[in-house]
Each structure stands twice: as structure tokens, then as C-alpha cells.
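Engineer:
In C-alpha cells form, the structure reads like this:
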């Protein structure tokens, strides 16, 4: 008899009202129904599944189910293995029994269907081993026997999950090489993907084996199926680089050229996806000879020189025809995905030599007029990469095309264009003046770009001191007050020209023009201190700028101001692989985040006081667009960027609520909705981010008090005590309470019923400048539900519990966190399941777990949709709200978006 002691469960559902007698009735119904149906029926299986997925089911009942299942000769083996697999997940103490049964099942003759055998094997490798199975078949043997069976879906499934099985790499390599020639394209693709995974996971020193894998990929370049050719390109790229790395120094260049030619041969493939893969592989390939790279940039075969083209036991020579004009074909492709990939892969040729860089820049200039924003943006990113390596040289005939991107309709394109302009070297005065005029022209069209534009003007002025001085001398004559002067001292042009003028004395060049800038220029600049300092936040703070301008306006000598050189990293040659952008993405991202957070704190209160709410919301939208340019499909956004985007949303909601309170209207319902969203967003900032400084945490708490004050200033102040308690808690933690907090406490202590008295503390509130740590971590969750949508719903029986198979991945979740799975099909039918993090594998950074979640409140309908998400308790008594017996005791902050699960009633 199995041990009847009920083990500890990692998930604790809300107590169910079903009694032991109901459990026995269901078990009896399952047994009788299974005996009475000689043909396969889903009804008894659904009853069994409901009992299995209920963690409260007794061990005796589970043991009876196992005995009934294994003793029924008419039960399809696939259903049997499915139920046994579910038992192993929800009742792990039965794992030894399940292991023995599955081994016994797999040692039967050929009566076991391949699909059932595959499921049994998949379950076996996830269970702890039994005490004795010396006479059992090993996982490796089962894997091989099933792979070489006749079932194509089984072979496809096994190759996809090959890493899970305990198969020796040498055997796995042989299997993958063999199935790379399978008649079915999906199997060939899976085999090639498996070889790619092996290349990155194991160490292979046998050169013959490496060459064999490389040649197998080359053979499949001619495959008739697109997906196979895509995988073959990736495989040739990975194994080709491994082959080059394992060769001697004499043959490295020949082998590298051979690999490059092979990849070039696929850029003219009929499939768009294959062409994209080919250019992606070229962008990641190793270095090639300069002659070969020059040939890829010209459609004309340069001469009759030959070079290695393919490996076939030994190297043989082939003409340069396949590589001729490879990148030109990519840049002229009809699909923007191919053109974008070709722009990215041009990074490597451009850093080899100045001649190649000049050729590449000429090609990219034509691409800047592309219809696709993605292509234009990628072309500018490649130019920025070239500029970082010091090879960017813009010819005069290309200046108008290049500077035209400064007024592009797309904000990310303009921002990237200015990034390139920061590092551009101008050979003569006309080119420099054209660049400055173009920047000023862009300000007239997009005035909200002013901070970044002024920053660029300042940097190019420091890099071209003599040109900046010459333009300043001309401008000063126009600025001098006179009856004939029509100069507008409040224009964006004035701000740009003054920024250019004050940059010259702080140039990177030698101090040879220190005394040329007229002192009056610096006096003019003081009058625009706020606008200019917004653009120089990364160089000097406003106090330093004011000191510098004040000194220079009254002195004829240079002012010894210390300026942060934020281009040091960009101007140096960085020795990194061409496949990686030498500028760390997070560095550029962090720089933009700091700029946005600084600007928010500076403009928020003045614009609200002036009643410029619409302009403020427009500025917030622009900053959001700038930040979202750093979110790509290839990688997820950083925690700092995620926090800043959510903080922007908080400021946006706060601005709207502020406008409603200070200018009351009849839209009270909308205000209540905004305040509710504000509280939810602030809880997310407070509890979903780890690593906030004490000052930042206190500022978020102060924002929460502002929301409470906005409520008090609008409605009957019946929540005075909770608001006062929040205030006292905040003051205990803060060493220097703000003017807002001090005034709010005084207001709350007064026994008055006038709700407008709360306007005074609100007027004293100011947004603080947040300084986020680079080590900030974002707590989030990922929930995956396999094989379920509205076309493939899960079966259920009305009124009975139903199990939902889930794969959960948690990011940056400390062990002490209290997590709940919320499941609801209506406002009243809500279940909560506690998630025990001790059952998850991994660390605080990433935790993973698979289980079947029970939902008890199944409605009496033919079908229904269930919404589920994961929430984390906020350990804050001031926001406590019970959810009933067995549920969370505090407010939840949700870690993922709601997932939809579809169910359909089982037909009798």
C-alpha cells in the first residue's frame, strides 16, 4: 500500500466545499463508466483528470485510479500515459510508481503506439530515477528507437526536444547529420537547428567532423524548402566560424574567404527569409580579405583573380562571380526586411579600411531616402558604428541627403541622425555651416527636439573650434542692437547660435582662439540660461554654466571650467568584434533616460502653473517615443528603461488629474478613474522594481500621498486617518520632509470641512529628479499555456474542477515574495492559488516551474473563457483589502498581462 500521508503542496487553492463522499462518488462513477464503455470515451477520462488535478484528492483515491487505469485493457495507451504524466506532476510522491509503470509500458512489444511511447519517454526523463531498472531500456535507446520509427510527428517532436534526453553528444551529432537528409522538410530543419545548438553547446576538436557538418549545411543550400535553407545558412555560419577557428594560421584567411563566399551565394535566393538570414550571417561572419569585401560592393567583377569558394575535401578555386555586388542586391531588394539586414551587415566591411568605409557610406547615403523607416534607421545606426571606429567621412555631394534626415518625420530617425552628426568631422567651413543651418532648420519644424539639438550644436562646436568662431563672428554683427537689426532674441535660432558660440572656448582643440568670442555673446547667453542648460545636462549643470557665462561676459581670458567629456568613449577606437556595436546599448539608453528624467523634473511644475497641460502631455509623448526606440525585437528592454516608461505614464496621469482638480468640471467619474489608475501604477513602481535608492522610494511614496490629497481635495474627506497615517510613516523615514509634506500635515490637523484647503499643499509639491541605478531589476512573470486557443479549447465538465497546465517563468523574484495565481471567468467566479517559490527551479534572477492549476468554479455553460494572471502581495497595511478565505490579504500588483484560457464542455 502506498503511503497515505498527504505531502506538502506547492500551491494552496481556496478550500473547496466538496466532501470525501463526493470524491468517492466521482471515483465510483469513473470506475463504472470505464468498465461499461468498451469503446474509448472521454467522459471517464475527464472525471479522472478532475480528481488528479485536485491537490486535495487523497492518496488512496489516486492509487485506485492508477490501478483502474493499468488494469483496463481497452484504454488507449496514449490516454493512459497522459493521465500518468499528470499524476506525476500533481502528486510527486507517486513518481517511483509512475516511473515503474512507464518503464513497464515501454518494454512491451511493438504494441505501444509511437505517440504514447514519446509521451512516456518525455515524462520519464522529467522524473527521478527508480531504485532498480538495470533491466530497463535506457532513455538513449528509447530515443533512438523512436527516432528511427515511421511516425514523422514523433520524429519531429523528439528532434525538437533532443536536449532534454540523456543522449551522448556524439550519438546526437550522428542522428542530426542523418536526419538532415530526411524526406520531410520539418525534420531536416529540426536536425539542422539541433546541429546549430550542438555547435554552441559542446567542444568539438575533430576537424574532420567539423568539416563534415559544414559541408552538410552547404549541400542543403539547394534544398527545395525555404525553412530548410534558412536553417542551413545559420548552420554554415556557425560551423564555418568553428572551422576557421580550428584551422592553422596559414589557412585561416582562405577558409574565412570561403565561408564568406558561401554566404554571399545565398543573398540572391528566391525566398525573402533566406536572404534575410544570409545577410544576418554575413554581419556575424569573421573577417574576410579586403579584395573580397570590395567585390561585394561592386556588381562588376574587378579582375580574374580567384579565391577559395567551397570546401569539398580540399580547397579549389572559383571565380568571384557569386560575391560580386552582394550588398548592392540586398540594398535594392523589394522587401524592407532584406534591405535593413543588408544595412546591418555592412558594418564589418566599413571598419576594415578607410577605402571600404568610403564606399559603404556612399551606398548608405542612397538608402537614407528609403520609403521604410526601419531601413533608414538601420542605415543611420550603421553610419554611427562606422563613426565610432573613426572611418566616417561624409563627402560634400552627400551632405544634403545626410542632413535631410534631421527633419525626418520619424523621431527615432532624427535622434539617430543627430547621434551620427556628433561624431562627424567636417573638412571645410561650408559643410560645417550647412550642418549648423540644418540643425537650426530642424528646430523650427520640431521645437520639442531643442534639448538634444542644442547638445549636438555644442559638441560639433567643440570639435570644430575655428569654424564655430568664424560663424560666431558673423552672427555677432547681426545680433548687435541697432535700428536696422531685426534679430529675434527669443528664437530657437538664437539659442542654437549662442550655444555654438559658448562651445568654442571649451573646445577639444588647443586654446588658440580663447579671446576671440566677444564678451557680449556670453551676456546674451545668460538671458537664455534655462534653454541652453537643458541641452548641456550631460556636460555641465546649470550652476556651472552660469558661473562660466558670468565670468566670460566680464573677462577677456578663458574660464577654467571643468567640462565632462562625454565623447571620450566614442572618439577612441574600441577593439571589439564587428558583430557587436562598440557603443554599449545600455550606455546610450541610460544617457537618454537621465536626460528625460531631468527634463521631466524641470518643466512639469512651470508648465502646469502656466496652464500648458496640452503642451506638457505632448512633450511626455515625445519622450516616450524617444525611449521606445531603444526597445527592439532582438532583446528585451532594460529595467531602467521599463521604469522610466512607466514613470512617464505616472506623470501623464498625474498631470491630467491635476488639471481636473485645479479646474473642476463635471467629469468626476473620469477623475476617479484617473486616480485609480495612478494608484495602481505607483504600486507597480514601488513593488515591481528592486534596487531603487532610498530617495527614489520616498519620492514614490510622496507621489502616493499626492494622489490621496487629490482625492481629499475633491470628495468628502472621510479618508483623513489613512492619509495621515501615510504621512506619518513617510516623515519617519525621511530626514528632510518636503514643503508639501509639512503643509499637508498642518492642513490635516485642522478641523475644517473646506475641501479647497488642500490646494495649498498641492501647490507646494514639486517633482524630484530621479537618479536611477544601473543595477535596477524589474520583477515580472511569463505564463505559457500550451495548445490552447478558441479553436482548441480544453475539455471540462460543468460543476467539476478543471486543471490548467501552465509553464511559469519568474524574473527577479526574491524567495520571500508572496505570489498568487488569479483565475476568473466573471466578477463573482474568482479563484486564487498560492504559488510557493520554494518549488521553483533557479535563482532570484530566473525561476521556472511547470504545474497544473486547478479551477473549481466552472460555470454550467457549454463553453467559457478564463482569465488568469500572476500577482504579488504588497506588504503594506495601509492598502490592505482581503480577498476572502484562502486568498491574498493585501493588494496585488500584477506581474504579467492577463492570459486567456478557453474551455468547451465534454460531449456525452
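In my numbering, the protein residues as written are 107 to 1014.
Yeah, the Cβ is synthetic: ideal placement off N, Cα and C, and Gly gets one too.
#1: What did DSSP end up calling residue 452 once you bin it into helix, strand or coil?
#2: Would you list the residues sitting across from residue 928 in a DSSP beta bridge?
#3: Measure how close the beta-carbons of residue 798 and residue 886 come, nearest whole angstrom, since I'm counting them as under 8 Å.
#4: In angstroms with no decimal places, state the Cα-to-Cα distance between residue 365 and residue 346.
#5: CB residue 225 to CB residue 245, shorter than 8 Å?
#6: Give the secondary structure of residue 909 by DSSP, where H, G and I count as helix, E and B as strand, and everything else as coil.
#7: So is residue 779 buried or exposed if we call it buried at 16+ other beta carbons inside 10 Å?
#8: Apart from the five residues just before and just after residue 447, which ones in its own chain have a Cβ nearer than 6 Å to its Cβ?
#9: Measure from the alpha carbon of residue 464 to the alpha carbon of each residue in 443, 493, 180, then state which is nearest.
#10: Which residue from 804, 764, 802, 759 puts its Cα closest to that of residue 786?
#11: What is the DSSP secondary structure of residue 1009, reduced to helix, strand or coil?
#12: Taking the alpha carbon of residue 291 as the point to measure from, which residue in 528, 312, 330 has its own alpha carbon closest?
#13: Please list, in chain order, all residues of the same chain as residue 535 whose beta carbon is under 6 Å from its beta carbon, the five residues on each side excluded.
#14: Give every residue of the same chain whose Cβ lies closer than 6 Å to the Cβ of residue 513, excluding the five residues on either side of it in the sequence, and list them in chain order.
#15: Of the residues 445, 178, 819, which one's Cα is nearest the Cα of residue 476?
#16: State buried or exposed for residue 855, treating a residue as buried only when at least 16 other CB atoms are found within 10 Å of its CB.
#17: What's the C-alpha gap between residue 254 and residue 178?
#18: Is residue 884 helix, strand or coil when you go by DSSP?
#19: Closest to residue 868 by CA distance: which of 940, 809, 896, 912 is it?
#20: If you drop the 5 nearest sequence neighbours on each side, which residues of the same chain put their C-beta closer than 6 Å to that of residue 792?
#21: For the beta strand (DSSP E) containing residue 901, name the first residue and the last one.
#22: Nearest to residue 656 by CA position, among 633, 932, 522, is which residue?
#23: For residue 943, which of 924, 957, 963 has the nearest alpha-carbon?
#24: Determine, using beta carbons only, whether residue 515 and residue 441 come nearer to each other than 8 Å.
#25: In whole angstroms, give me the CA-to-CA distance for residue 133 and residue 167.
#26: Touch check for the region 326 to 344 and the region 299 to 307: three-plus C-beta pairs under 8 Å?
#27: Given residue 665, which residues of its chain have a CB within under 6 Å of its CB, disregarding the five upstream and five downstream residues?
#28: Between the Cα of residue 884 and the Cα atoms of 963, 565, 999, 818, which residue gives the shortest distance?
#29: Does the region 944 to 955 come into contact with the region 903 to 923, if we say contact requires no fewer than three beta-carbon pairs (one atom in each stretch) closer than 8 Å?
#30: Which one or two residues does DSSP pair with residue 969 in a beta bridge?
#31: Note down, in chain order, each residue of its chain lying with its Cβ closer than 7 Å to the Cβ of residue 582, except the 5 sequence neighbours on either side.
#32: Mind checking which residues open and close the alpha helix (DSSP H) that includes residue 274?
#33: So if DSSP puts residue 555 in a beta bridge, which residue, or which two residues, is it bridged to?
#34: Tell me whether the region 705 to 712 and the region 560 to 576 touch, counting them as touching only if at least three CB pairs, one residue from each stretch, are closer than 8 Å.
#35: In three-state terms, what does DSSP make of residue 914?
#36: Bridge partners for residue 795 per DSSP, in chain order?
Structural biologist: Let's see:
#1: coil
#2: 938, 975
#3: With 8 Å as the limit, residue 798 and residue 886 do not qualify as a contact, their Cβ atoms being about 16 Å apart.
#4: Whole-angstrom Cα-Cα distance: 6 Å.
#5: no
#6: strand
#7: exposed
#8: 382, 385, 386
#9: 493
#10: 759
#11: Here residue 1009 sits in strand by DSSP.
#12: Looking only at 528, 312, 330, the smallest Cα-Cα distance to residue 291 is reached by 330.
#13: 573
#14: Same-chain partners within the cutoff: 548, 551.
#15: 445
#16: exposed
#17: Rounded to whole angstroms, residue 254 to residue 178 spans 30 Å at the Cα level.
#18: strand
#19: 809
#20: 806
#21: Start and end: 900 to 902.
#22: 633
#23: 924
#24: no
#25: 7 Å
#26: yes
#27: Reliability of the predicted coordinates at residue 665 is poor, the pLDDT of 44 falling under 50, and the value obtained from them is presented with this limitation in mind. Closer than 6 Å at Cβ, skipping near neighbours: 654, 657, 658.
#28: 999
#29: yes
#30: 1010
#31: 624, 627
#32: Note, residue 274: premise wrong, no alpha helix (DSSP H); not H, not E.
#33: Residue 555 pairs with nothing; no bridge assigned.
#34: Inter-segment contact for the region 705 to 712 and the region 560 to 576 is absent: fewer than three beta-carbon pairs are separated by less than 8 Å.
#35: strand
#36: 884
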